[in-house]
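What follows is a set of notes on a single structure, which appears directly below.
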Amino acid sequence: MQAIVYPQPNEFRLQDLPVPSPGPDQVLIRVRSTTICATDFKIFAGQFPGTKFPHIPGHEWSGEVVEVGSRVAHVKPGDRVGVEVHVGCGACPPCLNGLYTLCEHYGDVSRGHAHIGFTVPGGMAECCAVPARAVHRLPDPLDFDEGAFTDNIGVALYAVERGGLRAGEGVAVLGPGAFGLLAVQVARALGAGRIVLVGTRQERLRLGRELGADEVVNAAMAADPVAEVKGLFEGKGPQLVVEFAGTEAAAAEAIQMARRGGRVVLAGATAPGRTLQVDLSLIVRGHLDVHGSLANPKAVSARGLELISRGVVKVKPLITHHFPLEAFGRAWEAFRTREGGAYRVMLHPAGT
Ligand SMILES: [Zn+2]
Ligand SMILES: [Zn+2]
Numbered sequence: 155m156q157a158i159v160y161p162q163p164n165e166f167r168l169q170d171l172p173v174p175s176p177g178p179d180q181v182l183i184r185v186r187s188t189t190i191c192a193t194d195f196k197i198f199a200g201q202f203p204g205t206k207f208p209h210i211p212g213h214e215w216s217g218e219v220v221e222v223g224s225r226v227a228h229v230k231p232g233d234r235v236g237v238e239v240h241v242g243c244g245a246c247p248p249c250l251n252g253l254y255t256l257c258e259h260y261g262d263v264s265r266g267h268a269h270i271g272f273t274v275p276g277g278m279a280e281c282c283a284v285p286a287r288a289v290h291r292l293p294d295p296l297d298f299d300e301g302a303f304t305d306n307i308g309v310a311l312y313a314v315e316r317g318g319l320r321a322g323e324g325v326a327v328l329g330p331g332a333f334g335l336l337a338v339q340v341a342r343a344l345g346a347g348r349i350v351l352v353g354t355r356q357e358r359l360r361l362g363r364e365l366g367a368d369e370v371v372n373a374a375m376a377a378d379p380v381a382e383v384k385g386l387f388e389g390k391g392p393q394l395v396v397e398f399a400g401t402e403a404a405a406a407e408a409i410q411m412a413r414r415g416g417r418v419v420l421a422g423a424t425a426p427g428r429t430l431q432v433d434l435s436l437i438v439r440g441h442l443d444v445h446g447s448l449a450n451p452k453a454v455s456a457r458g459l460e461l462i463s464r465g466v467v468k469v470k471p472l473i474t475h476h477f478p479l480e481a482f483g484r485a486w487e488a489f490r491t492r493e494g495g496a497y498r499v500m501l502h503p504a505g506t
């Protein structure tokens, strides 16, 4: 089978490899749709601590089950599935609480942990064997491209739920990338009141408006984006702020614009070394709940897929490019340079 391999950091090649055979608790999947995301740049550059080279990347993908291991019962060959990236050991305290993204045996394959496309081979290959616990059967209306959002939709849904959104509340979403635009739609689906999307790229903000944001604020053009957002909520700010912008400045602004007594979910900046500069009285005297949100535990992806299948969350507008696997280099450049307004660039390792 053909696969994209990073032999060492900052290098890739298309390589012919034997098709993996699934272990007793694994499924072998023929990969139909797999996207490139910004995290792939970190993995490629060797900045992700758990990744060992040579490495097959790919962590946002879907396909059909080809073969199942002897102990696998919940899926069968022919099933169409989407893949959730984090698989915990299943036995440590966080895993037992459903927080398998916080597994205490991260990276330990012998204990059953897998971070697909990060610590174990991923879906930028014609076939990929993964723990059966990672896969969700795709609801019938979903195609493989939509199924490739299995992980992304879980991340967005979890962040909004972590913020405890209640129907009718005002929401600000910072960062109009794929996660931000999914968060806007999830908030709308969960009954949010006014939704304001904040970003710096006009075309992305425009798409956000089409997908459910009532107002947009261009932080690059506004003299004081925090004041502008607060002004859209009677000067008090939204009850919930969800940050997917991934910068220190946006995290600080998220806290500054939240309504007193409100909630802030910081989900964008996941790399170590980022620090927050913020007036602590905003949190303490503002009585804010400030949450960190890491990825998508608690099988939230399965519920997210349901939202996509019902059409209340649309992912197709986020897919801007399609390439075969052998055009990986071109796909990478299209995504890196945001060619033609690239959002999610889709590769099709085993054809469409
Ligand atoms: Zn990703
Ligand atoms: Zn665990």
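155 is the number of the first residue of the sequence shown in our numbering; add one for each residue after it. Here a beta-carbon is modelled for each residue, glycine too, at the ideal position from N, C-alpha and C. All values derive from a computational prediction rather than experimental measurement.
G353 and P330 closer than 7 Å at C-beta: In contact: G353 and P330 (Cβ atoms closer than 7 Å).
For R186 and V229, the rounded distance between their alpha carbons: 17 Å
Given 8 Å, three or more beta-carbon pairs between the stretch 235-249 and the stretch 207-226: With the cut-off at 8 Å, the stretch 235-249 and the stretch 207-226 touch.
7 Å Cβ cutoff met for A405 and L420: yes
Under the three-state DSSP convention, the category S187 falls into: strand
Residues bridged to Q180 (per DSSP): P285
Residue from G494, Y160, C281 and G200 whose Cα sits closest to the Cα of R358: G494
Inter-stretch contact (C-beta, 8 Å, three-pair minimum) for the stretch 331-338 and the stretch 303-311: Flag = yes, the stretch 331-338 and the stretch 303-311 touch.
Validate contact between the stretch 252-259 and the stretch 451-459 using beta carbons, cut 8 Å, 3 pairs: yes
Cβ-heavy atom distance, H259 to ligand 2, below 6 Å: Yes, the beta carbon of H259 sits closer than 6 Å to at least one heavy atom of ligand 2.
Residue ranges of each beta strand (DSSP E) within the stretch 203-254, 3 or longer: 215-222 and 234-237
Contact test: I191 Cβ vs ligand 1 heavy atom, cutoff 6 Å: Per the sequence presented here, residue 191 reads as Cys, with Ile not at that position. True, at least one ligand heavy atom lies under 6 Å from that Cβ.
Contact test: G242 Cβ vs ligand 2 heavy atom, cutoff 6 Å: yes
Status (buried if at least 16 other CB within 10 Å, exposed otherwise) for K206: exposed
Residue from G385, V235, N164 and E364 with nearest C-alpha to L459: V235
Classification of P392 by the beta-carbon crowding that lies within 10 angstroms, buried from 16 upward: Here P392 is buried, its C-beta having at least 16 other C-beta atoms within 10 Å.
Within 7 Å, strictly: CB atoms of A341 and V314: yes
Coil, strand or helix - F195 by DSSP: Reduced to three states, the DSSP call for F195 is helix.
Buried versus exposed call for D262 [16 or more other C-beta atoms within 10 Å across all chains shown]: exposed
R498 versus R414 - alpha carbon distance: 36 Å
Exposure of N306, with buried meaning 16 or more beta-carbon neighbours within 10 Å: buried
Nearest-angstrom beta carbon gap, P285 and L210 [assumed within contact, 8 Å]: In the sequence under discussion, the amino acid at residue 210 is Ile, which differs from the Leu named in the question. 16 Å between Cβ atoms; not a contact.
Chain-order list of residues whose beta-carbon lies under 7 Å from that of A326 (same chain, five-residue window excluded): V350, V352, V383, P392, V395 and M411
Cβ-heavy atom distance, E214 to ligand 1, below 6 Å: Flag set: Cβ of E214 near ligand 1.
At least three beta-carbon pairs within less than 8 Å, the stretch 286-303 to the stretch 368-379: The stretch 286-303 is not in contact with the stretch 368-379.
Coarse secondary structure for R348, derived from DSSP in three states: coil
Identified DSSP bridge partners for R498: R498 is bridged to I473.
Cα-Cα separation, P161 to P208: 4 Å
Cα-Cα separation between V469 and A496, rounded to whole angstroms: Rounded to the nearest angstrom, the two C-alpha atoms are 14 Å apart.
Residue interval of the beta strand (DSSP E) (run including E167): The residue you asked about is not Glu; residue 167 is Arg in the sequence shown. Looking at the DSSP string, the run of the beta strand (DSSP E) that includes R167 is R167 to D170.
Burial state of E323, where buried means 16 or more other Cβ atoms lie within 10 Å: buried
Status (buried if at least 16 other CB within 10 Å, exposed otherwise) for E280: buried
As assigned by DSSP and simplified to three states, the class of H467: The sequence given here places Val at residue 467; His does not occur at that position. Note: V467 maps to coil in three-state DSSP.
Ligand 3 heavy atom lying under 6 Å from the CB of S264: Only ligand 1 and ligand 2 can be found as ligands here, which leaves ligand 3 out of the picture.
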